[in-house]
Every structure is written in C-alpha cells, then in structure tokens.
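There are 2 protein chains.
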Amino acid sequence: MNEESKHQESSPEPAGRTDRRVRADAQRSVDALLDAAKAVFATSGVDAPVREIAEKAGVGIGTVYRHFPQRSDLVAAVFRQEVDACAQAAAVLAAEHEPGEALARWMQRYADFIATKRGLASALHSGDPTFDSLPAYFQQRLHPALRTLIDGAAAVGAARGDIDADDLLSAVARLCMSANDDKPDHARRMVALLVDGLRYGATSSKDGK
Amino acid sequence: MNEESKHQESSPEPAGRTDRRVRADAQRSVDALLDAAKAVFATSGVDAPVREIAEKAGVGIGTVYRHFPQRSDLVAAVFRQEVDACAQAAAVLAAEHEPGEALARWMQRYADFIATKRGLASALHSGDPTFDSLPAYFQQRLHPALRTLIDGAAAVGAARGDIDADDLLSAVARLCMSANDDKPDHARRMVALLVDGLRYGATSSKDGK
DNA sequence: ATATAAAACGGAATGTCGTTCCGCTTTACC
DNA sequence: GGTAAAGCGGAACGACATTCCGTTTTATAT
Numbered sequence: 242m243n244e245e246s247k248h249q250e251s252s253p254e255p256a257g258r259t260d261r262r263v264r265a266d267a268q269r270s271v272d273a274l275l276d277a278a279k280a281v282f283a284t285s286g287v288d289a290p291v292r293e294i295a296e297k298a299g300v301g302i303g304t305v306y307r308h309f310p311q312r313s314d315l316v317a318a319v320f321r322q323e324v325d326a327c328a329q330a331a332a333v334l335a336a337e338h339e340p341g342e343a344l345a346r347w348m349q350r351y352a353d354f355i356a357t358k359r360g361l362a363s364a365l366h367s368g369d370p371t372f373d374s375l376p377a378y379f380q381q382r383l384h385p386a387l388r389t390l391i392d393g394a395a396a397v398g399a400a401r402g403d404i405d406a407d408d409l410l411s412a413v414a415r416l417c418m419s420a421n422d423d424k425p426d427h428a429r430r431m432v433a434l435l436v437d438g439l440r441y442g443a444t445s446s447k448d449g450k
Numbered sequence: 242m243n244e245e246s247k248h249q250e251s252s253p254e255p256a257g258r259t260d261r262r263v264r265a266d267a268q269r270s271v272d273a274l275l276d277a278a279k280a281v282f283a284t285s286g287v288d289a290p291v292r293e294i295a296e297k298a299g300v301g302i303g304t305v306y307r308h309f310p311q312r313s314d315l316v317a318a319v320f321r322q323e324v325d326a327c328a329q330a331a332a333v334l335a336a337e338h339e340p341g342e343a344l345a346r347w348m349q350r351y352a353d354f355i356a357t358k359r360g361l362a363s364a365l366h367s368g369d370p371t372f373d374s375l376p377a378y379f380q381q382r383l384h385p386a387l388r389t390l391i392d393g394a395a396a397v398g399a400a401r402g403d404i405d406a407d408d409l410l411s412a413v414a415r416l417c418m419s420a421n422d423d424k425p426d427h428a429r430r431m432v433a434l435l436v437d438g439l440r441y442g443a444t445s446s447k448d449g450k
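Chains as they are written, first to last, in this note's numbering: chain C, 242 to 450; chain W, 242 to 450.
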C-alpha cells in the first residue's frame with residue numbers, strides 16, 4: 242500500500258497526454274510554502290501568522306489560501322510531511338547501519354519528532370475536523386517503518402520481535418509528551434531504556450519459542 | 242500600573258467591617274461573569290469570544306477586562322471555580338452517603354469534570370503563563386478532598402487506605418483524556434474499575450495482610 | 001510562434017477577535 | 001449632601017484569518 246509522492250521535486254517528464262494537472266508555478270508555490278511553514282512553525286510555533294509564512298515563502302496571501310483553504314490545512318500538511326520524512330528515515334538508517342543500531346537510532350529520531358512538535362498534541366485535541374485524519378495517517382505511515390526495523394533487528398538477534406509496533410509508537414509518544422518541561426533529556430533516556438528493553442529480549446537463535 | 246492596593250496596611254480593622262474592599266456592583270459583575278463564562282464555555286468551548294460572555298452576563302466589554310485583565314484569566318478563574326465545586330462535592334457526598342459509596346461517587350464526579358473540560362489539556366500545554374499555577378492549585382484543592390474520602394472509606398473497611406491520592410487523581414485524569422473520542426462511557430467504566438480495585442484491597446479487620 | 005482559456009497569482013478588503021482607552025456613572029465613606 | 005475613588009460601557013485600535021477579484025502566468029491548441 243504505497244502512495245506516490247504528491248509533491249516531490251519537479252521532474253520535467255513530458256510523459257502523459259493530459260498534463261493539465263499540476264502547473265509548474267503552483268508546484269513551486271506549494272513547495273516554498275511547505276518549507277517556509279516548517280521553518281516558521283519551528284521557530285515561532287504553530288500559531289504563527291499566515292502572513293509571516295507567505296512572506297518567508299515569497300508568495301502572496303491569496304496563494305496560500307489557494308492551496309490550503311484553511312490555516313489548519315497548512316499545519317496538517319506540514320505534520321504529514323514531517324511524518325513522511327520520519328518514515329523515510331527508517332529506510333535510510335536501515336541502509337547505513339546494522340539492524341540493531343538502525344532501530345535504536347530511528348526510535349530517537351521519532352522521539353525527537355514528537356518532542357519538538359509541541360503544538361501537535363494541542364492540534365489533535367483542538368476539535369478541528371482538519372486534524373481528524375492525522376492519527377490514522379501517522380499510524381499508517383509509521384507502523385510499517387517501525388515494523389520493518391524491528392523485524393530486521395530480530396532477524397539478526399539484535400532485538401526481540403514479539404512487540405507490537407503501535408504499542409511502541411504510542412508509548413514513545415506518551416513518554417515524549419509528558420515530562421518535557423522539567424528535563425530536556427528525560428524523554429531521550431526513557432526511550433533509550435525502552436530500546437534496551439528490546440535488546441534484552443533478543444533471541445540469538447532462529448527459534449522464537 | 243500594577244496592583245498595589247490589594248492588601249491594605251497592617252490590620253486596620255480590629256473588629257468592624259471595612260467595606261472599602263469590594264464594591265457591591267463589582268461583586269455582582271464578577272459573579273455574573275463567572276456564571277456566564279461557565280455556561281458559554283460548556284456550550285461553545287473555551288475559545289468562545291469574550292463579547293459573547295459579556296453579553297450573556299449583561300455587562301460591557303470594559304467590565305470584563307477590569308476584573309480579568311486577560312481572556313485567559315477568565316478561563317483560569319472558571320477552571321478554579323469548577324475545581325472548588327468538585328472539592329466541595331466531596332464533603333457533601335460524604336455527608337449523604339456511606340464512606341464507600343461517597344468515594345465511588347466522587348471519583349465519577351471528578352472523572353466527569355475532567356472529561357467535560359476538553360479545553361483543559363490544551364490550556365495547560367498552551368504555554369500561557371496564566372495557566373502555570375493551575376496544576377498546583379488543582380492538586381492543593383483536590384488532594385485533601387480525596388484523601389479524606391479514602392481515609393473515611395478505609396476506616397469502615399470499604400476500601401484500602403494505602404493509596405496515594407495524587408496517583409489516583411493523575412491516573413483518572415489520564416484515563417479520561419485518552420479515549421474520549423471513541424466511546425463516551427469508556428472513561429466511566431475504567432474509573433469504575435479503579436474504584437473496584439480500591440474496594441478489593443479493603444481490610445475488614447485490623448490484620449495487616 | 002501565437003492565441004486562448006484555465007489556472008494561479010497578489011494584495012486590498014472584510015469580518016472577527018482580544019485588548020486598550022477614556023468619559024460617564026455608581027458606590028462608599030465623610 | 002459632597003466627594004473621590006472604583007467601576008462601568010462601548011467606541012476605537014491592531015492583529016489575525018479569510019474572501020474577492022483584477023492581473024499575470026502557464027499549458028495546450030492552432
């Protein structure tokens with residue numbers, strides 16, 4: 242169940258008869274908007290004015306609302322984009338590191354994502370219908386990524402494999418949302434503890450039980 | 242321009258009542274505002290316009306801001322008021338029911354409070370300094386109420402007494418904030434389960450296990 | 001290459017909101 | 001009753017999200 246990238250780098254392939262779909266300038270605007278919004282949200286929070294994002298992206302206000310009918314649509318799009326990046330990171334880490342290390346690094350990557358998005362929890366509980374589909378999207382995108390990493394690590398005996406990916410994802414999310422006010426690295430250590438737990442239960446042999 | 246006249250000089254009133262403190266019309270305005278805000282927040286959410294509250298209370302906008310310098314001060318005041326009511330309910334329930342029943346009913350009362358205040362979690366995580374003191378106030382007000390109920394129930398063998406009140410309060414809060422979208426009575430049943438757990442561990446006699 | 005219609009653009013205009021300001025009214029105390 | 005402080009109401013202000021529409025750009029047909 243994969244889905245082609247909706248807004249990736251513009252590839253000038255002339256294939257297809259009716260290319261009436263996406264105009265080049267529109268694609269440029271959307272990309273610039275997403276980049277600008279990500280940067281502005283990171284510095285000024287998700288409550289930053291739309292005008293500030295439009296200015297940083299070098300487009301007019303009207304252009305923002307052409308592509309994102311509501312403010313919340315932009316916010317949701319950025320969240321989705323970051324989740325995509327997080328999911329993609331799984332493949333990259335799996336290619337660059339041995340399975341156990343890849344799993345550990347990805348868990349921290351995911352934890353960082355949750356911890357830095359302070360406005361995420363508020364958005365999900367805001368009642369805005371725009372965000373209703375986000376939880377399902379997150380799980381749909383993150384579950385396979387983590388599942389693959391766990392299986393990979395379990396195959397070489399670097400971690401136990403009998404763990405539900407969703408359980409892990411929600412557990413980490415809860416850990417990172419709780420005590421972020423007191424100690425900045427509290428979440429990091431708790432996640433590391435979780436990963437160590439995965440390693441502890443590893444089975445060296447093929448036979449799981 | 243800061244508040245300086247809150248506290249008068251050192252004890253200028255020996256026995257007589259100094260009426261220079263609160264003017265009658267001001268008290269009326271504050272009461273009407275609090276009532277109106279509670280009603281409006283319940284129906285339209287905590288993001289309801291200040292003007293709507295002012296109109297419902299029958300006062301002008303200026304009057305709102307005289308007593309609540311910021312919107313968030315009004316929100317916090319309503320939260321505090323509801324927590325007070327919840328804490329007071331403990332004494333009422335203790336007087337009207339036997340200890341075990343009082344404890345059980347109060348837990349549901351508290352659960353209802355948390356579950357219906359959808360904007361509470363968002364407010365606490367909003368970063369607005371106005372809400373910084375709320376968690377401490379909640380605990381300070383609720384802890385003694387629950388502690389008394391637990392002790393009362395434990396004294397007649399209706400519940401175990403070796404439970405930390407804060408643990409219970411935070412556990413119930415978490416339960417009521419999680420799965421409120423799926424099933425409306427999920428929280429209620431989970432809280433009932435918790436209460437049953439308290440009853441299960443009750444000691445009818447003095448034997449310490 | 002030029003024409004053309006659709007798509008996209010920019011930004012002024014609109015409406016809502018929080019908050020401030022200030023002249024007028026009420027209250028409490030003498 | 002006199003008076004001064006406290007309280008009141010609401011117009012005014014600035015920030016924001018969102019809409020509207022005349023102008024410009026793009027993709028395709030000619």
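Glycine is no exception: its CB is placed at the ideal position from the N, C-alpha and C atoms.
Because the structure is a prediction, the values reported are computed rather than measured.
Nearest to residue i by CA position, among the options, is which residue?
i	options	result
W/G360	C/H366, C/G360, C/L434, C/E339	C/H366
C/V413	C/G301, C/A345, C/A298	C/A345
W/V300	W/L275, W/A364, W/V324	W/L275
W/A277	W/V291, W/A362, W/G398	W/V291
W/I355	W/Y441, W/H308, W/A428	W/A428
W/R269	W/H308, W/R388, W/R321, W/I391	W/H308
C/K287	C/E339, C/V271, C/T357	At residue 287 of chain C the sequence reads Val, which differs from the Lys that was named. Checked all of C/E339, C/V271, C/T357; the closest Cα to C/V287 is C/T357.
C/R440	C/L387, C/P385, C/I391	C/I391
W/R388	W/D426, W/P340, W/L375, W/M431	W/P340
W/R350	W/A386, W/S374, W/P376, W/L375	W/A386
W/P310	W/V271, W/A283, W/A289	W/V271
C/G303	C/A267, C/A433, C/M431	C/A267
Output the boundary residues of the alpha helix (DSSP H) element that contains residue i.
i	result
C/Q268	265-285
C/G299	That residue, C/G299, is in no alpha helix (DSSP H); it is neither H nor E in DSSP.
C/F354	340-357
C/P310	Element bounds for C/P310: n/a, residue is neither H nor E.
W/R455	With chain W represented from 242 up to 450, any question about residue 455 of chain W goes unanswered, as that position is not in the structure.
W/H384	375-396
Which whole-angstrom value is the C-beta distance of residue i and residue j, which I expect to be below 8 Å?
i	j	result
C/E293	C/V305	So it is not a contact: roughly 11 Å between Cβ atoms.
C/A343	C/G393	7 Å
C/C417	C/A352	5 Å
C/Y378	C/R321	6 Å
Short check: CB of residue i to CB of residue j, under 7 Å?
i	j	result
W/V436	W/M348	yes
W/D369	W/S285	no
W/A396	W/A443	no
C/A362	C/F372	no
W/K279	W/V316	no
C/V333	C/R382	no
C/A273	C/A295	no
Review point. So, do the stretch 402-412 of chain C and the stretch 327-347 of chain C have three or more beta carbon pairs nearer to each other than 8 Å?
Key: no
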